[in-house]
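According to my numbering, numbering within the sequence shown proceeds without interruption in unit steps and concludes at 488. Glycine included, C-beta positions come from ideal geometry on N, C-alpha and C. Here is the structure we will look at, set down as structure tokens.
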Amino acid sequence: MPVSPQHEDKDQIWSQFLAQVSTLVNKQTMVTWFNQMSLRSIADSDVVIECPSKFFMDWVSEHHRDRICYALRKVLKFEPKLHFVNTNGSTADSAWKRGPLPAKSIPESSPVIMSKKIVSGGEPLNSKYTFDEFVVGKNSQMAYAACLAVSDKPAIVYNPLFIYGGVGLGKTHLMQAIGHTILEQRTNLKVHYSSAETFMNELISTIREGKSHKFREKYRNVDILLIDDVHFLAGKESTQEEFFHTFNALHGSSKQIVVTSDRPPKEIPTLEERLVSRFEWGLITDIQSPDYETRLAILRKKVDKEQQVEIPNDVLELIANSVKSNIRELEGSLVKLFVHASVYKKDITLEVAQEVLKDFVKHSPRKVSISTIQKVVAQHFRVPVEAMKSKVRTARYAYPRQVAIYLSRQLTNCSLTQIGQRFGGRDHTTVIHACQKISELAERDVSLKATLQQLRKELT
């Protein structure tokens, strides 16, 4: 047991700790999370870190524990037993959750909420990555259905299953959901999950140690192999060779293989044609960026689950309208509001959200106002501007009004409620209906599609 470093100044230790952490995370994460904490005590190997609130404490304990342990180990020169406490005294003892971590840099995206189901020597599964926690939208319906089918009948349908899409869209979530479901429903099956990078690192390590047979036993003695980020294999000929033979051994034994990538097989540079061919044996499906309705559903699910802070609908609409790139950024913006409310003890209003999330919102190119949209659309359809706010439902006025509402959703950061108010006090359901109608019409009406493109060009 290490001796308590009571002779050292806690502030000095904490400063060294923060310096270490700053090499692992970006500036925003540093300011939002780590600069809000403090070192309460060090006794033997027990390290107690104080957080400003219970929500803050729980989030840090679940999402940043790996990085904190790594940085503390570098500063203290021993393996810390980490404990969290908030200012009010409740604790989140996280020392039991996971064992010691390897002394290497922790990636920014490393998941740290882990299931205890670590099988066949693989990496642990994130306990939140289940089918129940996944919000299905038009962008992910096919991938979701395929993953459900594989979890229900592994190695019978869609083998291999290849899921591709951009960063933070849910590929890893769905892959691990397969693992969770199979582990729960088919306890006799062995599931192995790891990243392609881990696959390569373990291969190199066993070759150096002259234990290649151990590597093959590990990866080929499983029933379900889940490999994340297979595009990492690009340009790594020896690793591709080993993966090819691993694939053949498993597939030939009727074992399920699931892989994820940031692009389809044929677009992965320097990926051997024989591997591309193997991936095409099964189903290749993608996950796209979520549409507005799906983004809003994701946010509402997150808020309902956390139950820490009340977030008004217009704030959720602002986020859903502003953050479009991926789900990770979407949830990150919401977490930023949670932290702000928790630390500063303030209610989250639309004005507060716009200020707190200015880094997210400012990237939106939308500068056009609703009044400008109404004028341009009215002029195009040759109807009076007043028709935009009128209660008249004749087709001559209703159709241009719906187009204007649709463009207001597309080209401004206004919430559904705000848009409805600017169109004669209509409620948010009317706005949603108008947007859905125009969106669906544009898919099959070439003329409307061209009109919308022309109007966007005029407005932006």
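- Apart from the 5 residues on each side of it in sequence, residue 201 sits with its Cβ closer than 7 angstroms to the Cβ of 157 and 162 in its chain, given in chain order.
- Straight across, the Cα-Cα distance linking residue 465 with residue 431 is about 9 angstroms.
- Counting C-beta atoms within 10 angstroms of its own C-beta, residue 313 has 16 or more neighbours from the protein chains shown and is therefore classed as buried.
- With respect to residue 396, residue 457 sits apart: the two C-beta atoms are not nearer than 8 angstroms.
- CA-to-CA, the gap between residue 97 and residue 350 works out to about 35 angstroms.
- Cβ neighbours of residue 371 within its own chain (closer than 8 angstroms, five residues either side excluded): 64, 80, 81 and 84.
- DSSP, reduced to helix, strand and coil, places residue 71 within a strand of the structure shown.
- About 7 angstroms separates the CB atoms of residue 376 and residue 340; that is less than 8 angstroms, so the two are in contact.
- Per DSSP, the continuous alpha helix (DSSP H) segment holding residue 477 begins and ends at 474-487.
- By the Cβ-count criterion, residue 173 is exposed, with fewer than 16 other Cβ atoms from all chains shown falling within 10 Å of its own Cβ.
- In the DSSP assignment, no residue is bridged to residue 440.
- Residue 181 and residue 379 have their C-alpha atoms roughly 50 angstroms apart.
- When the beta-carbon positions are compared, residue 290 and residue 241 stay at least 8 angstroms from each other.
- Pairwise C-beta distances place the region 39-47 in contact with the region 58-74, as three or more of them are shorter than 8 angstroms.
- Residue 176 carries a helical assignment under DSSP once its states are collapsed to helix, strand and coil.
- In the assembly as shown, residue 270 is a buried residue. Its beta-carbon has 16 or more other beta-carbons within 10 Å.
- Judged by beta-carbon spacing, residue 95 lies beyond the 8 angstroms limit of residue 164, meaning their Cβ atoms are not closer than that value.
- In this structure the region 276-292 lies against the region 189-199, because at least three pairs of beta carbons, one per stretch, are closer than 8 angstroms.
- Classified as buried, residue 367 has 16 or more neighbouring CB atoms from the shown chains inside 10 Å of its CB.
- When DSSP assignments are scanned along the region 34-116, the uninterrupted stretches of alpha helix (DSSP H) that are 4 or more residues long and fall wholly within it turn out to be 38-49, 55-60, 82-91 and 93-104.
- Annotation: the continuous beta strand (DSSP E) that includes residue 255 extends over 252-256.
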